[in-house]
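Below is one structure, written out as structure tokens, with a few remarks after it.
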Amino acid sequence: GGKLLGRGSVGAGREGEVGGGDDDEDEGENERVVVEGFRWMRFRGGGDGREEDGGGFKDDDGDDDDLSVDDSEVLSDGKPVADSRGSIERLTRSIATLDVTSVLPRLSAIPSHGMRSGPDGSRFASQAATDTVFESAKEESSEGVDALVICSSDGRAHVLVDDMVKIGSCELVGVPLLQASHTNSEAHAILSQTADQELHLNTITLPLDTLGGPLLHVIATNTKRIQNLLSYIIQTIHCITHDYTTGLQFPSRLIANMQAELEEKQEGDLVTNLYHLALTGTFSDTMKEWLVDIVKETNHKRWDQAVNTMYTNIQQHLFVHLKPALDRLSVATTTLRGYARYHEESSAFEVPSELFTKILDGIDSLRIVLQKMLLVVMEEQRQFKAFSKWLRVMIDIGVAGPGSKGGVETEAKENPNLEFPLLLKYVEHTMLRSRLARFVEEKGAAHALASPELSEISYERTCEAVAKVNRLAENDDQLRVKDIQDAEALVNLPALTAYLSGNVRVALERVTEWQSKMLAPPTSLHVPTDPETQVLDLQVDVLPSADGRQQPNAVTRLLLHPAETRQHLLLHSFFPDSYTSDDNATEYQPTTYHHRLETLDAKFHSPTTILILGRLVDSKGAPCHLVSEVRVSADGNISPGPSLHNFSSHPGFVPERLMVGGREGKRVCVVLGNEGRMWVALDLESLGRNAGAAGGAEEEWMDDEEGMDDEERVDDEMVG
């Protein structure tokens, strides 16, 4: 299967959040919000790409400190300060982004043991999938920003980093149609349309220096890790509950049937009868019938396998899955709490450290309950093994006949190997109700963090409750802690997990709230067009700035097809206005290009070229379809280019629209036709090389023909 990067949903429009909410909630009141489009881009050079004025270091408030030195000074290693400054910056970044969990063993896949796969079941079902979720970010990933912008039908743009860390959302003018961005530009362009068919160009300025800085890298990495680890922990708890429930189903049915029969015959209960049998070796008729005819060898094997497998699986979940996940969650949470404390009085990270302390409180509570459960599992499994071994001996004696020679020999041979103290404890205290029940049985519906049961949870109270569990005489005795309404929740894994999840949700909401302040409201510019104008493509390119600044200027180009004529292309170019100090000021330049071909579709191939799918009709009325190229200059002017492909060699194929895509070194144009039933793929790299070779000859020919362009030649050839 493919690598799962993240998962989410667009919530209700009034909340504007991706992920989390219930899609079906309030569906009758509001139209369902859906994803209209998305764009993923890896931006380069975030955080380290721009030098500070004066070449010095800056503190959190942006003021130069005393670390600034003259570039002519030389360090002890003989290198000039100017050459070593980049190394120092890389060193500080490496220290900040150091991942101590990379030396820990990888987390294991979670076997479901027949449980229906939930939302996160497939993410951890195999070792490969689990490794993918928790793999450490590659070293080079800290040098850039992976941004995902998702546009929803309610007119909002949601910005995520590292595929699942929510930065924030912003309002757009209208419903989004197209998106465009450039790996070297902070500008993310979104074309939208209002209800009255007006087009608006919305530009979101992504703060790449902040998003790519070491602070946000650490916060985003650990936030993502906390989300993944919490999903892993919740899945583990579900598996523990499932294994406990399914492991006791068959034994509980056997025991319940025998209890009912003994009660009907007024012969006491099963615990008393088994206890009597273990101490005296005397079989009652009812017990003999139950052991020989009901339990017998076959059902005893099922009983033994079911309970032993249950204890083994739960022990594996606790020790192999839950404990390592809690340790890693502690590391990630402690890291964020440390940053929150360090930046407590500044705006660099406006999240109270107490929120992370509450998460750690939930982690510690789960950890102490986990340790207690491990002891209970090991003790009860030892008791059950002793009971199961004795039960098998009693079945053999019952089959041979109590008091018979075979029965006496079996009893004399096996009794010395039986552990009566353990089996009697199991019969008396564990058989009818395991001590694991209070730890794993879910307490009704899902808990809310504001519920009285969860609001009373704390690490100190959990420690007190665990200590009192040890002193309870019976497994079904009520656990009581002073001033606590429901003390059972203090040691219950599902309740503690709900407490942990609630605190994680609150903390991450505050992180998202802080991150959303990084996003400035998008600028919106009305694009004057006719309502019938067809939108073809959108592109963002970068141009060197006039004053030589390192940050390039972004130019956004919108390609349109007017309705009044099929030979015209409209190119709207939006440049930063160089005559004003306002960074949001935009200079608008429309360009109309008259093409000889009847234009069917057009797409940007590169920042300097546009591919046009067009049609010519000869004097006999026979159409000819072509893919041609026009060139765009830096100032937005369009000039003719060569024809790249003639579809006359594809009989029966009627082109309708084209798509451009691919990767570096492999650009492909796919032309769709015949109402989407057929397609032709063209290698643009090969076409570009051939067109380049033909271009030189074409230029000479154009000079001889007094400037006649390629489209005019094709037109004359078709007509003449």
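Mapping of the sequence shown onto full-length UniProt numbering: position 500 corresponds to residue 500, and the numbering continues sequentially without gaps.
For glycine and all other residues, C-beta sits at the position ideal for the given N, C-alpha and C.
Report the rounded CA-to-CA distance for residue i versus residue j, giving the unit in angstroms.
i, j, result
"residue 485", "residue 465", "12 angstroms"
"residue 772", "residue 622", "For residue 772 there is no data in the structure shown, the boundaries of the chain being 1 and 720."
"residue 96", "residue 163", "21 angstroms"
"residue 665", "residue 605", "13 angstroms"
"residue 438", "residue 418", "29 angstroms"
"residue 660", "residue 528", "27 angstroms"
"residue 436", "residue 376", "7 angstroms"
"residue 369", "residue 226", "20 angstroms"
"residue 467", "residue 380", "18 angstroms"
"residue 488", "residue 480", "8 angstroms"
"residue 536", "residue 361", "55 angstroms"
"residue 178", "residue 673", "22 angstroms"
"residue 690", "residue 670", "Confidence is the limiting factor: at residue 690 the pLDDT is only 46, short of 50, which leaves the residue's position unreliable, though a coordinate-based value still follows. Taking the straight line from one Cα to the other gives about 18 angstroms."
"residue 649", "residue 681", "14 angstroms"
"residue 507", "residue 94", "26 angstroms"
"residue 245", "residue 36", "43 angstroms"
"residue 394", "residue 416", "14 angstroms"
"residue 279", "residue 335", "58 angstroms"
"residue 497", "residue 322", "11 angstroms"
"residue 566", "residue 656", "14 angstroms"
"residue 247", "residue 221", "38 angstroms"
"residue 455", "residue 494", "14 angstroms"
"residue 675", "residue 597", "21 angstroms"
"residue 518", "residue 587", "25 angstroms"
"residue 414", "residue 402", "14 angstroms"
"residue 209", "residue 215", "11 angstroms"
"residue 109", "residue 130", "6 angstroms"
Does DSSP classify residue i as helix, strand or coil?
i, result
"residue 506", "helix"
"residue 37", "strand"
"residue 666", "strand"
"residue 429", "helix"
"residue 539", "strand"
"residue 107", "coil"
"residue 534", "strand"
"residue 470", "helix"
"residue 492", "coil"
"residue 456", "coil"
"residue 415", "helix"
"residue 652", "coil"
"residue 92", "helix"
"residue 167", "strand"
"residue 485", "coil"
"residue 369", "helix"
"residue 559", "strand"
"residue 186", "coil"
"residue 160", "strand"
"residue 596", "coil"
"residue 99", "coil"
Which partner residues of residue i appear in the DSSP bridge assignment?
i, result
"residue 591", "571"
"residue 477", "The partner list for residue 477 (beta bridge, DSSP) is empty, contrary to what the question assumes."
"residue 679", "672"
"residue 629", "611"
"residue 661", "668"
"residue 174", "Answer by DSSP bridge pairing: none, since residue 174 is not bridged."
"residue 722", "No answer is possible for residue 722: it lies beyond the span of the chain, which begins at 1 and ends at 720."
"residue 617", "623"
"residue 576", "586"
With distances taken from CA atoms, which of the options is nearest residue i?
i, options, result
"residue 679", "652, 414, 667 and 686", "652"
"residue 277", "196, 594, 291 and 266", "291"
"residue 38", "109, 105 and 158", "158"
"residue 521", "232, 685 and 187", "187"
"residue 543", "532, 574 and 566", "574"
"residue 309", "273, 382 and 260", "382"
"residue 641", "662, 611 and 625", "611"
"residue 299", "391, 196 and 536", "391"
"residue 595", "608, 614, 501 and 588", "614"
"residue 352", "569, 504 and 423", "504"
"residue 111", "103, 127 and 100", "127"
"residue 625", "631, 637 and 601", "601"
"residue 253", "270, 239 and 160", "270"
"residue 386", "427, 469 and 356", "427"
3-residue-minimum beta strand (DSSP E) runs that sit fully inside the region 191-263, ordered along the chain: 199-205
Continuous alpha helix (DSSP H) assignments of at least 4 residues falling wholly in the region 274-339: 285-289 and 296-316
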